[in-house]
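Contents: one structure, followed by commentary.
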């Protein structure tokens with residue numbers, strides 16, 4: 329179900345300050361037929377949103393200056409971005425992460441290290457309007 333023909337018109341904005349994660353996600357998503365926009369911090373991500381309208385956003389929570397929660401709340405104020413799916417990615421999930429994810433207006437949470445197959449399932453589901461909370465967390469729910 330990862331046919332690149334299905335994804336050629338879909339654009340993903342990836343916001344992550346970790347160069348290896350950003351490169352891995354950009355390469356993998358492009359390989360699956362997505363167009364990819366990249367930003368290394370929230371400010372650059374928000375600047376991109378002034379001229380680009382991605383279909384979905386993958387957003388690291390731990391970013392310099394402005395964290396992913398604040399960026400998500402901010403981008404919800406941008407016309408045309410109110411309903412754009414946002415999936416958080418984080419290495420620091422804790423028992424409050426899911427509540428914070430929902431409060432910020434995001435649709436999902438993916439834990440690092442990223443298992444691309446899990447990310448792709450959540451991303452495709454989110455693009456189709458189906459949102460599932462994560463199942464792989466280090467803490468007991």
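In our numbering, the protein residues as written are 329 to 469. Built from N, CA and C at the ideal position, the CB exists for glycine as well. Nothing here was measured: the structure is a model prediction, and the numbers come from that model.
When DSSP labels each residue in this structure, what does residue i get in the three-state scheme?
i           : result
residue 412 : coil
residue 422 : coil
residue 405 : coil
residue 509 : Since the first residue shown for the chain is 329 and the last is 469, residue 509 is missing from the structure and cannot be characterised.
residue 453 : helix
residue 427 : helix
Looking at the strands, I want to know which residues DSSP matches up with residue i.
i           : result
residue 344 : Looking at the DSSP assignment, residue 344 forms no beta bridge with any residue, so it has no partner.
residue 364 : 340
residue 389 : Looking at the DSSP assignment, residue 389 forms no beta bridge with any residue, so it has no partner.
residue 436 : 415
residue 384 : 340
Output the distance between the C-alpha atoms of residue i and residue j, rounded to the nearest integer angstrom.
i           : j           : result
residue 406 : residue 445 : 30 angstroms
residue 433 : residue 401 : 7 angstroms
residue 469 : residue 426 : Low local confidence applies: a pLDDT of 39 at residue 469 is under 50, so the model's placement there is unreliable, with the coordinate-based value given in what follows. Approximately 10 angstroms, taken between the alpha carbons.
residue 453 : residue 342 : 17 angstroms
residue 331 : residue 340 : The predicted position of residue 331 is uncertain, since its pLDDT is 49 and thus under 50; a value taken from the coordinates is nonetheless stated next. Their Cα atoms are separated by approximately 16 angstroms.
residue 418 : residue 439 : 5 angstroms
residue 441 : residue 349 : 9 angstroms
Could you tell me whether any Cβ in chain D is nearer than 8 angstroms to the Cβ of residue i?
i           : result
residue 341 : The chain labelled as chain D is not found in the depicted structure, where only one protein chain is given.
In the DSSP assignment, the alpha helix (DSSP H) including residue i goes from what residue to what residue?
i           : result
residue 377 : From DSSP, residue 377 is part of no alpha helix (DSSP H); its letter is neither H nor E.
Is the beta carbon of residue i less than 8 angstroms from the beta carbon of residue j?
i           : j           : result
residue 356 : residue 338 : no
residue 420 : residue 385 : no
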